[in-house]
Amino acid sequence: MRGIYLLIFFILNSFFLMGQTLPVSDWVKRLEDNSKSQVIRHYSVYYDITKIDSASRIRAAISIEKACSKGNKRLRLLGRSVKAKLFFYYLKEGDSLYASQMKACLNEAVEMEDPYLQAEFGRWYAEMLNSMNQTELAVQYATTSLQLHHYLGLENFAAVSIFYMWLGEALLVAGYPGDAIDYLRTGLRLADTLVKPFRFMYTYNNLGLAYRKLEKHDSALFYFEKLRKYCMEIKKPAWQEIAYKNRLPSFVALGMLDSAKIVDARLFEIAKHSKEPDDSLIAYEMMGKIAMKEKDFQKAIPALLKSAALNKGRNKELLNRVYESLAACYETIGQPAKAYSYSKWERIYNDSVSRTRELSNNRYIFIKAAYEKEQLALKSMTEEKREAINKRNTGIALLVFMAALAAGWLNRRRKKAEKHQQLAAKELERFKEEVIKKNSRIEELQTSIEQQQHQQQDAQTIEELSHQMILTETDWQHFKSLFEKTHPAFFKMLRDKAPGITEAEQRMAALIKIRLNTKQIAAMQGIGVDSVHKTRQRLRQRFGTTSTNELETIIAAI
Numbered sequence: 022m023r024g025i026y027l028l029i030f031f032i033l034n035s036f037f038l039m040g041q042t043l044p045v046s047d048w049v050k051r052l053e054d055n056s057k058s059q060v061i062r063h064y065s066v067y068y069d070i071t072k073i074d075s076a077s078r079i080r081a082a083i084s085i086e087k088a089c090s091k092g093n094k095r096l097r098l099l100g101r102s103v104k105a106k107l108f109f110y111y112l113k114e115g116d117s118l119y120a121s122q123m124k125a126c127l128n129e130a131v132e133m134e135d136p137y138l139q140a141e142f143g144r145w146y147a148e149m150l151n152s153m154n155q156t157e158l159a160v161q162y163a164t165t166s167l168q169l170h171h172y173l174g175l176e177n178f179a180a181v182s183i184f185y186m187w188l189g190e191a192l193l194v195a196g197y198p199g200d201a202i203d204y205l206r207t208g209l210r211l212a213d214t215l216v217k218p219f220r221f222m223y224t225y226n227n228l229g230l231a232y233r234k235l236e237k238h239d240s241a242l243f244y245f246e247k248l249r250k251y252c253m254e255i256k257k258p259a260w261q262e263i264a265y266k267n268r269l270p271s272f273v274a275l276g277m278l279d280s281a282k283i284v285d286a287r288l289f290e291i292a293k294h295s296k297e298p299d300d301s302l303i304a305y306e307m308m309g310k311i312a313m314k315e316k317d318f319q320k321a322i323p324a325l326l327k328s329a330a331l332n333k334g335r336n337k338e339l340l341n342r343v344y345e346s347l348a349a350c351y352e353t354i355g356q357p358a359k360a361y362s363y364s365k366w367e368r369i370y371n372d373s374v375s376r377t378r379e380l381s382n383n384r385y386i387f388i389k390a391a392y393e394k395e396q397l398a399l400k401s402m403t404e405e406k407r408e409a410i411n412k413r414n415t416g417i418a419l420l421v422f423m424a425a426l427a428a429g430w431l432n433r434r435r436k437k438a439e440k441h442q443q444l445a446a447k448e449l450e451r452f453k454e455e456v457i458k459k460n461s462r463i464e465e466l467q468t469s470i471e472q473q474q475h476q477q478q479d480a481q482t483i484e485e486l487s488h489q490m491i492l493t494e495t496d497w498q499h500f501k502s503l504f505e506k507t508h509p510a511f512f513k514m515l516r517d518k519a520p521g522i523t524e525a526e527q528r529m530a531a532l533i534k535i536r537l538n539t540k541q542i543a544a545m546q547g548i549g550v551d552s553v554h555k556t557r558q559r560l561r562q563r564f565g566t567t568s569t570n571e572l573e574t575i576i577a578a579i
């Protein structure tokens with residue numbers, strides 16, 4: 022059936038609402054508000070939607086949920102909650118479904134530890150429970166929600182003040198007048214001009230009734246009088262009569278008999294034209310009680326009996342009060358047998374009320390315990406989730422810290438290695454320059470030999486030349502050490518690319534790598550130029566090339 026209703030709404034939208042645009046973006050913007058006034062702005066979205074036609078309300082609810090689904094988790098929750106509330110009140114079926122959706126939103130708000138959303142969703146869910154006649158459970162959620170509103174300082178707007186008034190009335194009906202008074206008075210204190218007049222009328226009346234139940238009749242009269250004057254201002258004559266009638270029991274209890282007689286006479290007049298059958302019962306009851314105060318039991322008993330006769334068991338609470346008064350009258354005039362008869366009926370009624378109250382209290386306690394258990398489980402789950410998140414965050418922080426330490430250590434090692442490599446490169450460059458200088462010196466000596474004519478001078482030149490020859494085994498090892506620091510993987514890669522390469526060929530490749538020419542290589546190794554050419558030829562064969570330039574390019578890339 023719910024699907025049929027939605028289908029009807031969509032059809033109506035298609036035919037009649039094509040031209041009507043909804044301010045969805047403005048509503049979403051208000052729902053995004055997370056300032057202290059957010060509760061008022063969020064409620065204003067719901068309030069605005071209730072002012073449009075029925076079909077558009079449903080379309081608005083669906084549009085808001087869809088628009089909010091693109092936002093963060095908080096906005097998505099608000100979109101779902103607005104839709105659940107609108108569907109609850111404006112679709113004819115599925116109340117329990119939409120209430121459960123609202124409860125799911127509330128539970129997620131608790132998990133998120135968002136007190137603002139908890140306050141809002143708790144209030145909305147309590148209203149839904151009350152609409153489904155689950156008053157006791159509604160009271161639990163309402164109490165928690167209002168405590169949050171008070172804690173957050175979010176009480177000063179109409180919806181919250183009305184909620185206080187409603188909770189006070191619910192507690193009064195449940196038989197807790199003392200608690201009811203606190204919430205009713207707070208609701209009045211917070212109420213502003215946006216609260217509709219009937220809310221004030223109900224609250225003044227409920228306060229008077231609550232004080233009367235507690236037998237604080239002065240306070241009861243104060244609020245009944247406020248109700249009467251307020252109804253005169255706003256021109257509500259029916260409620261003026263209610264305020265007028267409700268003062269009567271307090272006048273009698275306080276011994277204000279002249280005032281009581283005036284009101285009772287007025288009540289008899291009202292009863293003649295009233296559709297309320299209890300008016301006559303109360304009028305005769307009060308006549309009897311006024312007579313009892315005046316010690317006129319002969320007048321009191323007939324009036325009380327008349328009230329009991331008219332009652333016919335319709336109003337058991339009123340009938341019990343009459344029986345109590347009759348028992349007192351007969352006891353006073355010395356007719357204990359009759360007094361006992363009415364006392365017996367009074368005890369039976371009181372026992373019945375006590376049992377009902379006990380069952381109600383037990384049910385209330387059971388519901389409260391179940392509610393507290395549920396809240397405790399939810400809190401425990403939230404704490405476990407928070408603890409898991411904290412552990413995860415701690416682990417991540419530790420990993421980040423360790424990674425930072427490792428990165429720092431690796432960076433220092435890299436910089437140190439780079440520094441060593443730079444030093445080795447400089448030293449290798451110096452080594453190379455020395456080789457070039459020595460090579461130049463050798464060439465000079467060779468020229469000198471050619472120019473010398475005397476044998477002794479030739480011998481000295483040759484000896485000097487031999488001292489300039491380098492790359493002995495010790496020299497080669499020193500050169501190789503510097504070279505490997507500058508080009509760490511060169512020899513390994515060389516052997517990988519040219520398997521079986523000889524030691525002499527490796528030396529030749531290293532000298533080509535540092536860009537020495539043929540003469541410099543020959544001088545460094547103390548060999549002839551022809552030997553250098555032959556070694557180059559073998560290297561070209563190993564690398565599969567016939568070009569010297571290509572060989573140098575290959576070696577430079579290693």
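Position one of the sequence shown corresponds to residue 22 (this note's numbering), numbered consecutively onward. Glycine is no exception: its CB is placed at the ideal position from the N, C-alpha and C atoms.
Open item on the list: Measuring only the C-alpha atoms, how far is I303 from E352?
Closed with: Residue 303 sits at position 282 when you count from the first residue of the sequence shown. Residue 352 sits at position 331 when you count from the first residue of the sequence shown. Each residue's alpha carbon lies about 23 angstroms from the other.
TODO: Write down the C-beta distance between W48 and V66 rounded to the nearest angstrom, noting that I regard them as a contact closer than 8 angstroms.
DONE: Taking the sequence shown and counting its residues from 1, one reaches residue 48 at position 27. Taking the sequence shown and counting its residues from 1, one reaches residue 66 at position 45. At roughly 5 angstroms, the Cβ-Cβ gap stays under 8 angstroms, so W48 and V66 are in contact.
TODO: Mind checking which residues open and close the alpha helix (DSSP H) that includes N227?
DONE: Here the question's residue 227 lines up with position 206 in the sequence shown. Unbroken alpha helix (DSSP H) run through N227: 218–234.
Task: Residue from E148, K327, K234 with nearest C-alpha to G199 - done: Counting from one through the sequence shown, the residue named residue 199 turns up at place 178. Looking at the Cα atoms, K234 is the closest of the given residues.
Task: Euclidean distance between Cα positions of W260 and H170 - done: For this step, residue 260 is matched to residue 239 along the sequence shown. For this step, residue 170 is matched to residue 149 along the sequence shown. The alpha-carbon atoms of W260 and H170 are separated by roughly 32 angstroms.
Open item on the list: Quick check: the Cα distance between R563 and G429, rounded to an integer number of angstroms?
Closed with: Position 542 of the sequence shown, counted from the first residue, corresponds to residue 563. Position 408 of the sequence shown, counted from the first residue, corresponds to residue 429. Each residue's Cα considered, the two are about 43 angstroms apart.
Task: Alpha carbon of M307 to alpha carbon of F221, nearest angstrom - done: As a position in the sequence shown, residue 307 is number 286, starting the count at 1. As a position in the sequence shown, residue 221 is number 200, starting the count at 1. Going by the C-alpha atoms only, they are around 28 angstroms apart.
Open item on the list: What does the alpha-carbon distance come out to for the pair M514 and E450?
Closed with: In the sequence shown, the residue the question calls residue 514 occupies position 493. In the sequence shown, the residue the question calls residue 450 occupies position 429. Looking at the two C-alpha atoms, the distance is approximately 22 angstroms.
TODO: Count the other CB atoms, across all protein chains shown, that sit within 10 Å of the CB of P258; report buried if there are 16 or more and exposed otherwise.
DONE: Translated into positions along the sequence shown, residue 258 becomes position 237. So P258 counts as exposed.
- [ ] Assign K254 to buried or exposed, taking buried as 16 or more other Cβ atoms, counted over all protein chains shown, within 10 Å of its Cβ.
- [x] To locate residue 254, count along the sequence shown from 1; it is residue 233. The amino acid occupying residue 254 in the given sequence is Glu; Lys does not appear at that position. Flag for E254 reads exposed.
Open item on the list: Taking contact to mean 3 or more Cβ pairs, one atom from each stretch, closer than 8 angstroms, check whether the stretch 107–123 and the stretch 148–165 are in contact.
Closed with: yes
Open item on the list: Please state whether the Cβ-Cβ distance between L127 and F142 is less than 8 angstroms.
Closed with: As a working note, residue 127 is residue 106 in the sequence shown. As a working note, residue 142 is residue 121 in the sequence shown. Their beta carbons are under 8 angstroms apart, which means L127 touches F142 by this criterion.
TODO: Note down the Cα distance separating P323 from D203, rounded to an integer number of angstroms.
DONE: Counting from one through the sequence shown, the residue named residue 323 turns up at place 302. Counting from one through the sequence shown, the residue named residue 203 turns up at place 182. Cα-Cα distance, rounded: 40 angstroms.
Task: Per-residue DSSP class, three states only, for N411 - done: Residue mapping note: residue 411 aligns to position 390 of the sequence shown, counting from 1. In this structure, N411 counts as helix in the three-state DSSP scheme.
Open item on the list: Can you tell me whether M186 is buried or exposed? The criterion is at least 16 other CB atoms within 10 Å of its CB, across all chains shown.
Closed with: Translated into positions along the sequence shown, residue 186 becomes position 165. By the 10 Å Cβ count, M186 comes out buried.
Task: Cβ pair Y232, Y251 closer than 8 angstroms - done: Sequence index remark: in the sequence shown, residue 232 carries index 211 (1-based). Sequence index remark: in the sequence shown, residue 251 carries index 230 (1-based). Against a cut-off of 8 angstroms, the Cβ pair of Y251 and Y232 comes out as no contact.
- [ ] Locate the alpha helix (DSSP H) running through F272, then write down its first and last residues.
- [x] In the sequence shown, the residue the question calls residue 272 occupies position 251. Element bounds for F272: 269–274.
Task: Residue environment, L248, which counts as buried when at least 16 other CB atoms sit within 10 Å - done: Position 227 of the sequence shown, counting from 1, holds the residue named residue 248. Buried, since its Cβ has 16 or more Cβ neighbours within 10 Å.
Open item on the list: Tell me the rounded alpha-carbon separation between K282 and D69.
Closed with: Position 261 of the sequence shown, counting from 1, holds the residue named residue 282. Position 48 of the sequence shown, counting from 1, holds the residue named residue 69. In a straight line, the C-alpha of K282 is about 50 angstroms away from that of D69.
Open item on the list: Taking 8 angstroms as the threshold (C-beta atoms), are R557 and M529 in contact?
Closed with: Residue 529 sits at position 508 when you count from the first residue of the sequence shown. Residue 557 sits at position 536 when you count from the first residue of the sequence shown. Cβ distance < 8 angstroms, so M529 and R557 count as in contact.
Open item on the list: In this structure, how does DSSP classify R451 when only helix, strand and coil are distinguished?
Closed with: Numbered from 1 along the sequence shown, position 430 holds the residue referred to as residue 451. In this structure, R451 counts as helix in the three-state DSSP scheme.
Task: Unbroken alpha helix (DSSP H) run spanning R95, endpoints - done: Within the sequence shown, the letter at position 74 stands for residue 95. Run containing R95: 94–111, per the alpha helix (DSSP H) assignment.
Open item on the list: Below 8 angstroms on the Cβ atoms is my contact criterion, and I expect V131 with Q122 to pass it. Report the Cβ-Cβ distance as a whole number of Å.
Closed with: Sequence index remark: in the sequence shown, residue 131 carries index 110 (1-based). Sequence index remark: in the sequence shown, residue 122 carries index 101 (1-based). No, V131 and Q122 are not in contact; Cβ-Cβ is about 15 angstroms, not under 8 angstroms.
Open item on the list: Suppose you measure from the CA of Y244 to the CA of R413; what does that come to, to the nearest Å?
Closed with: Within the sequence shown, the letter at position 223 stands for residue 244. Within the sequence shown, the letter at position 392 stands for residue 413. If you take the alpha carbons of Y244 and R413, they lie about 58 angstroms apart.
Task: F219 classed as buried or exposed, judged by whether at least 16 other C-beta atoms fall within 10 angstroms - done: As a working mapping, residue 219 is identified with position 198 in the sequence shown. Exposed, since its Cβ has fewer than 16 Cβ neighbours within 10 Å.
Open item on the list: Give me, in chain order, the residues of the same chain whose beta-carbon lies closer than 6 angstroms to that of A445; leave out the 5 immediate sequence neighbours on both sides.
Closed with: Working through the sequence shown from its first residue, we reach residue 445 at position 424. Once the five neighbours on either side are set aside, the close Cβ partners of A445 are L503, K506, T507.
Open item on the list: Taking the alpha carbon of I535 as the reference point, which residue from A577, Y119, Y305, G334 has its own alpha carbon closest?
Closed with: What you label residue 535 is simply residue 514 of the sequence shown in a count that begins at 1. When only C-alpha atoms are compared, the closest one is A577.
TODO: Taking all protein chains shown into account, decide if I79 is buried (16 or more other Cβ within 10 angstroms of its Cβ) or exposed.
DONE: For the purposes of this step, residue 79 is taken as the residue at position 58 of the sequence shown. With 16 or more other Cβ atoms within 10 Å, it is buried.
Open item on the list: On the criterion of 16 or more Cβ atoms from any shown chain inside 10 Å, does P270 qualify as buried, or is it exposed?
Closed with: The residue given as residue 270 occupies position 249 in the sequence shown. When all chains shown are included, P270 counts as buried.
- [ ] Give the range of the alpha helix (DSSP H) segment to which P44 is assigned.
- [x] The sequence position of residue 44 within the sequence shown is 23, counting from 1. Run containing P44: none; DSSP gives neither H nor E here.
Open item on the list: Starting from L537, trace the alpha helix (DSSP H) in both directions and tell me its first and last residue.
Closed with: Looking up residue 537 in the sequence shown gives position 516. Where L537 is concerned, there is no enclosing alpha helix (DSSP H), given that its DSSP letter is neither H nor E.
TODO: With distances taken Cα to Cα, identify the nearest neighbour of D517 among I579, E448, H238, D496.
DONE: Position 496 of the sequence shown holds residue 517. Closest by alpha carbon: I579.
TODO: State the start and end residues of the unbroken alpha helix (DSSP H) segment that holds S121.
DONE: As a first step, residue 121 is located in the sequence shown; it is residue number 100 there, counting from the start. Where S121 is concerned, the enclosing alpha helix (DSSP H) stretches over 116–133.
Task: Contacting residues, own chain, Cβ-Cβ under 6 angstroms from A120 (five flanking each side not counted) - done: The residue labelled residue 120 in the question sits at position 99 within the sequence shown. Cβ neighbours of A120 beyond the five flanking positions: M149.
Task: Sequence ranges, alpha helix (DSSP H) only - wholly within the stretch 299–344, length at least 4 - done: 299–314, 318–332
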